[in-house]
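Read the structure below first, then the notes.
Residue numbers (my numbering), protein chains in the order written: chain Z, 1 to 156; chain C, 1001 to 1267.
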């Protein structure tokens, strides 16, 4: 039994019918084919499924699709404008902050909210903000470097 | 709720319920979305202290200027809860109803003498937290009852408060052991007048350490630590063995009391 809903993702409006049990992460990945958002632990711990809903970071694996009704979602796909990478994305690439890439979209969405609230974070601020995003490849060093680099580049 | 009874579960933030559903620990036929009920998302000051609405998230508590001013220890505690994402989504009331052992809000709120207001189609009642937590994941809520509000009485003058948690891994981990201290200084001296010590995560529910409280009021910190360790009932699990956790209770108690006294005396 599907229920109709509308939501806005990366600035575009979508209308769908979803089962009550549908999760936002599955709606994004399967119904809207935006596979940038990843499913890691499926329990809100790893941060791979992080998206921005009405300006706030949420775990899309713990959000029912129907709870995203009439809301504005931003995913990693929304950061590219006319084929141009967002400064955060560019910083991750330039600073070798990506290995397998699985944690990357979640890291970037979290960093984006951090820099929106705190444009000149200290390293400690960055560590605190990213504490909820796990990476099994990099050891975090380059990720933190990339976020700091993005912060100082947007300052200019 | 009255209509569906045991077949229904209430959804607020979803951070606890959805995990339990995914693991098939609960399989409700109906999920009732509390967010469709208006006027439950608030943090206000009333005549009898703080009132936290059922839909107030951990984040709302963390950022509330009222709470920062009147109950800074609550802000200290809630900042340690999970991650910003979970704090954006999860509610404090939901956390209490979930009654998870390795969790932060229950111990501190119990030490603060908080109560919850439970409402059903048959009426409402107020339950002190000391009577609310029954066992692992079990509260004294009856079927059909929903918590609509948490009530926290005002702190006494010359209050002494702290909350410390111990995790064995990263900041994201749930507490292996926690200690909440809420008391007040004697007037004129720097000694403790009254104190409540609640130990978290070392028993099926948060627990008062009465022996420790007595020892502390008579100035015996070492004795209090021993009493607290004796009162604790930790279980050996992935966060530590039983004996290890008992040792940590001793250490944490001393640190929590020291921190609380330093803050109070410094004021």
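Ideal Cβ placement from N, Cα and C applies to all residues, glycine included. Computed from a prediction, not measured in an experiment: that's the story for all the values here.
Report all residues from its chain with a CB closer than 7 Å to the CB of residue 1235 of chain C; omit the five preceding and five following residues, and keep chain order.
Only 1242 meet the Cβ criterion.
Residue 1178 of chain C and residue 1165 of chain C: beta carbons closer than 7 Å?
yes
Would you say residue 44 of chain Z lies against chain C (beta-carbon separation less than 7 Å)?
yes
Quick one: which unbroken beta strand (DSSP E) runs of 3-plus residues sit fully inside the segment 1177-1222 of chain C? Chain order, please.
1177-1185, 1192-1200
Am I right that residue 1223 of chain C and residue 1215 of chain C are in contact with their C-beta atoms under 8 Å? What's the rounded C-beta distance?
Their Cβ separation, rounded to whole angstroms, is 4 Å, which keeps residue 1223 of chain C and residue 1215 of chain C in contact under 8 Å.
Cβ of residue 156 of chain Z within 7 Å of any chain C Cβ
Bear in mind that the predicted position of residue 156 of chain Z carries a pLDDT of just 41, short of 50, making it too unreliable to give a figure here.
Going along the chain, which unbroken runs of the beta strand (DSSP E) with 3 or more residues stay wholly within the segment 1042-1073 of chain C?
1043-1046, 1049-1053
Just checking my contact of residue 1200 of chain C with residue 1128 of chain C at CB under 8 Å: how many whole Å lie between their CB atoms?
Not quite, the Cβ-Cβ distance comes to about 17 Å (not below 8 Å), so this is no contact.
Tell me, to the nearest whole angstrom, how far the beta carbon of residue 104 of chain Z is from that of residue 129 of chain Z; I am working on the premise that it is less than 8 Å.
The Cβ separation is near 15 Å, so there is no contact.
Selection of the segment 14-28 of chain Z by Cβ proximity to chain C, strictly under 9 Å:
20, 21, 23
Would the segment 67-82 of chain Z count as touching the segment 127-141 of chain Z if we require 3 or more Cβ pairs under 8 Å?
no
Using CA coordinates, which residue listed in Z:70, Z:51, Z:45, Z:135 is at the minimum distance from residue 29 of chain Z?
Z:51
Listed by chain order, chain Z residues near residue 1088 of chain C by CB distance under 8 Å
56, 57, 58
CA-CA distance, residue 1080 of chain C and residue 1252 of chain C?
16 Å
Where residue 1079 of chain C falls: helix, strand or coil (DSSP)
coil
Boundaries (first-last residue) of the alpha helix (DSSP H) holding residue 1257 of chain C
Looking at the DSSP string, the run of the alpha helix (DSSP H) that includes residue 1257 of chain C is 1242-1266.
Please check if any C-beta of chain Z sits within less than 7 Å of the C-beta of residue 1046 of chain C.
No, residue 1046 of chain C lies away from the interface with chain Z (no Cβ there is under 7 Å from its Cβ).
Pick from C:1167, C:1104, C:1140, C:1194 that is closest to residue 1244 of chain C, judged by C-alpha positions
C:1167
Mind checking residue 1122 of chain C: buried by the 16 CB within 10 Å criterion, or exposed?
exposed
What residue range does the alpha helix (DSSP H) around residue 1130 of chain C cover?
1129-1132
Can you say whether residue 116 of chain Z is buried or exposed, counting buried as having 16 or more other CB atoms within 10 angstroms of its CB?
exposed
Local conformation of residue 1033 of chain C per DSSP, three classes:
strand
If the cut is a Cβ gap below 9 Å, which residues of chain Z does residue 1019 of chain C touch?
42, 43, 44, 62
Kindly list the residues whose CB is nearer than 6 Å to the CB of residue 1256 of chain C, restricted to its own chain and excluding five residues on each side of it in sequence; keep chain order.
In the same chain as residue 1256 of chain C, and ignoring 5 residues on each side of it, the C-beta atoms closer than 6 Å to its own belong to 1162, 1164, 1179, 1181, in chain order.
DSSP state of residue 1002 of chain C, grouped into three classes?
coil
Could you check what DSSP says for residue 52 of chain Z in three-state terms: helix, strand or coil?
Here residue 52 of chain Z sits in strand by DSSP.
I want to check one thing, is the minimum distance from the CB of residue 1212 of chain C to the heavy atoms of the ligand FAD below 6 Å?
Here there are no bound small molecules, and the ligand FAD is not part of this structure.
Roughly how far, in whole angstroms, is the beta-carbon of residue 1211 of chain C from the beta-carbon of residue 1225 of chain C, given that I think they are within contact range, below 8 Å?
About 11 Å; that fails the 8 Å criterion.
Boundaries of the beta strand (DSSP E) in which residue 1008 of chain C is found, first to last residue:
1008-1011
Best match in Z:26, Z:63, Z:152 for proximity to residue 1086 of chain C [C-alpha to C-alpha]:
Z:63
Which residues does DSSP list as the beta-bridge partners of residue 17 of chain Z?
Z:4
Can you list, in chain order, the residues of its chain whose CB lies under 6 Å from that of residue 1042 of chain C, leaving out five sequence neighbours each side?
1053
Taking the alpha-carbon positions, what's the residue 1037 of chain C to residue 1012 of chain C distance?
Going by the C-alpha atoms only, they are around 10 Å apart.
7 Å is my cut-off, CB to CB: does residue 1085 of chain C come that close to chain Z?
Contact of residue 1085 of chain C with chain Z is assigned, a C-beta pair being separated by under 7 Å.
At the level of alpha carbons, what is the spacing between residue 1098 of chain C and residue 19 of chain Z?
25 Å
Hey, quick one: how far does the beta strand (DSSP E) through residue 80 of chain Z stretch, first residue to last?
Per DSSP, residue 80 of chain Z belongs to no beta strand (DSSP E) and is neither H nor E.
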